[in-house]
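Chains as they are written, first to last, in this note's numbering: chain A, -1 to 284; chain B, 10 to 77.
We put the beta carbon where it would ideally sit given N, CA and C, even for glycine.
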Amino acid sequence: MPDWLIVVLRSLLFLVVLFAITKWLGKKQISELSFFEYVTGITIGNIGAEMATGIEKSIANGILSIVTFAAVPFLAGIISLKNKPFRDFIEGKGTVFIKDGKIMEDNLKKEKYTADELLELLRKKNVYQAADVEFAVLEATGDFNVLLKKENQPLTAKDLGVAVAPSKEPQTVIMDGEILDEPLSTIGQSRRWLHTELEKLGVTIENVFLGQIDSDGQLTVDLFDDKLQVPSPQEKPLLLSTMKKCQADLELFALGTEVEKAKHTYSKNSQKLQEVIDKVTPLLRN
Amino acid sequence: MTIASDVKQCLASLKGVEAGLSNLALRTQDDQSKQTLHETMNVVNEIVTDLKERVGELEREEAQYKGF
């Protein structure tokens, strides 16, 4: 066999071995969450490359070495699941850089970070003023995470005390003009229903690049033809405005009638309607 | 237009609202929203029942506009 063919075959073999090993170790190995996984990742890759090109080396030894390097983080992972001190030792601990809004100079020195580098890390997190930060930590993986002071954090619905409708993840039901049956059955709808919804929007399935259904069962689509305008779902705001109109009507009737009993029924019902309108407004607002 | 026809119109709109709410409640994935929509639908239903009664009374008063 010529050398080049051997190299090709060995490369293919080790590609398969590396693929199998990373599959076995799982997502954690790929994201290199700990120092340990970082080191084994590099080494396994290197052994693979070495084995593919070094024709004179034994394949069995190479595979053995790769498996050993893979087995250690695998076992360490299992032990560290159970044991906190072991986990801290293997995976390392984060270093706190800013605490209570004050920069910890000693910790910076320990990790050999200069003030410039700290500012750079902060800027990566879109923070330009160190005084805006309440707490910041350099994780064992080298990631830098920042907790802003409360007044600098983005405003949330909770801060404002605004009621918002709970929502679930949307389902993608059309891709490249093809209906995806699995997500469609997840939300309990049929192909026929989807066709009806598309008809309501006035588009054909062939023209839809992406179609998603939100948690309220409303279909939104993106078309191949970007010149066409697709109407946004109007059903919910329409429902809300009809309810408001009916409530106003009831109030009018209450004012208009001279029959005492009818006046009472009208005003009671208009009040009832107002109460439920207040309750469903967050759900019906788009 | 008489007041009776206005009330009838309102009644029809409310029936539409009831159907819309029911439709939405069936399609919504979130359980809490589903429940709120159902409760709303029930209240609207009560109002519809009351209004129907009132429409009956109005029709007796203005017999020429009967037919609902």
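If you reduce the DSSP assignment to three classes, tell me which class A:Glu132 lands in.
strand
Pick helix, strand or coil for A:Leu62, following the three-state DSSP scheme.
In the structure shown, A:Leu62 falls within a helical segment according to DSSP collapsed to helix, strand and coil.
Buried or exposed for A:Phe17, going by 16 or more other Cβ atoms inside 10 Å?
exposed
A:Ala134 and A:Val144 - do their beta-carbons sit closer together than 8 angstroms?
yes
Which term fits A:Phe222, buried or exposed, when burial requires 16 or more other beta carbons within 10 angstroms of its beta carbon?
exposed
If we count Cβ pairs, one from each stretch, closer than 8 angstroms, do we get three or more for the segment 43 to 59 of chain A versus the segment 10 to 27 of chain A?
By the criterion of at least three beta-carbon pairs nearer than 8 angstroms, the segment 43 to 59 of chain A is in contact with the segment 10 to 27 of chain A.
Alpha-carbon to alpha-carbon, A:Lys123 and A:Leu146
10 angstroms
Spatial neighbours of A:Ser63 within its chain, please: CB distance less than 7 angstroms, with the 5 preceding and 5 following residues excluded, ordered by chain position.
Counting only residues of its own chain and dropping the five nearest sequence neighbours on each side, A:Ser63 has a CB closer than 7 angstroms to the CB of Ile45.
What residues of chain B sit near A:Ile185, judged by a beta carbon separation below 9 angstroms?
Correct list: Arg36, Gln38.
Does the segment 276 to 284 of chain A come close enough to the segment 36 to 49 of chain B that 3 or more CB-CB pairs lie under 8 angstroms?
yes
Own chain partners of A:Val125 with C-beta closer than 8 angstroms, once the 5 adjacent residues on each side are dropped:
Only Val131, Val144, Leu146 meet the Cβ criterion.
Identify, in the order they occur along the chain, each residue of the same chain with its Cβ nearer than 6 angstroms to the Cβ of A:Phe207, setting aside the five sequence neighbours on each side.
If you ignore the 5 residues before and after A:Phe207, its C-beta comes within less than 6 angstroms of the C-beta of Asp220, Phe222, all in its own chain and listed in chain order.
How big is the Cα-Cα spacing for B:Glu62 and A:Gln232?
32 angstroms
Note the first and the last residue of the continuous beta strand (DSSP E) segment covering A:Met241.
Here A:Met241 belongs to no beta strand (DSSP E); instead the alpha helix (DSSP H) covers 233 to 254.
Length at least 3, wholly inside the segment 84 to 135 of chain A: the beta strand (DSSP E) runs in chain order
93 to 97
Let's test the definition: count the other Cβ atoms within 10 Å of the Cβ of A:Lys107 and tell me whether it reaches 16, buried, or not, exposed.
By the 10 Å Cβ count, A:Lys107 comes out exposed.
Could you compute how far the alpha carbon of A:Leu250 sits from the alpha carbon of A:Asp179?
50 angstroms
Of all the CB atoms in chain E, is at least one closer than 8 angstroms to the CB of B:Thr45?
You won't find chain E in this structure, because its protein chains are A and B.
Check whether the Cβ atoms of A:Leu237 and B:Leu30 lie closer than 8 angstroms to each other.
yes
To the nearest whole angstrom, what separates the beta carbons of A:Asp114 and A:Ile53, a pair I think is in contact under 8 angstroms?
A:Asp114 to A:Ile53, Cβ: 48 angstroms. No contact.
Check the DSSP bridge columns for A:Glu176 and list the partner residues they point to.
A:Met173, per the DSSP bridge assignment.
Within the 8 angstroms Cβ cut-off, does A:Glu300 reach chain B?
Residue numbering for chain A in the displayed model covers -1 to 284; residue 300 of chain A lies beyond these limits and cannot be assessed.
Taking 7 angstroms as the limit between beta carbons, can you name the residues of its chain near A:Ser265, skipping five residues before and five after?
Ala252
Compare the C-beta of A:Pro164 with all C-beta atoms of chain B and state if any pair is closer than 8 angstroms.
yes
Proximity test, Cβ basis, 8 angstroms: A:Leu237 and chain B:
For A:Leu237, the nearest beta carbon of chain B is closer than 8 angstroms to its own beta carbon.
Span separating the alpha-carbon of A:Lys281 from that of A:Ala163:
For the sequence presented, residue 281 of chain A should be read as Leu rather than Lys. Each residue's Cα considered, the two are about 5 angstroms apart.
What are the boundary residues of the alpha helix (DSSP H) that A:Ile45 is part of?
33 to 51
Mapping DSSP to helix, strand and coil, what is A:Gly75?
helix
Beta-carbon proximity check, A:Leu199 vs A:Val171, cutoff 8 angstroms
no
Could you name the residues that DSSP lists as bridge partners for B:Asp39?
Answer is none; B:Asp39 lacks a bridge partner.
What I want to know is whether the C-beta of A:Pro164 ends up closer than 7 angstroms to one or more non-hydrogen atoms of the ligand ZN.
As presented, the structure is devoid of all ligands, the ligand ZN included, so that no description of it is given.
From A:Met(-1) to A:Ala68, what distance separates their C-alpha atoms?
32 angstroms
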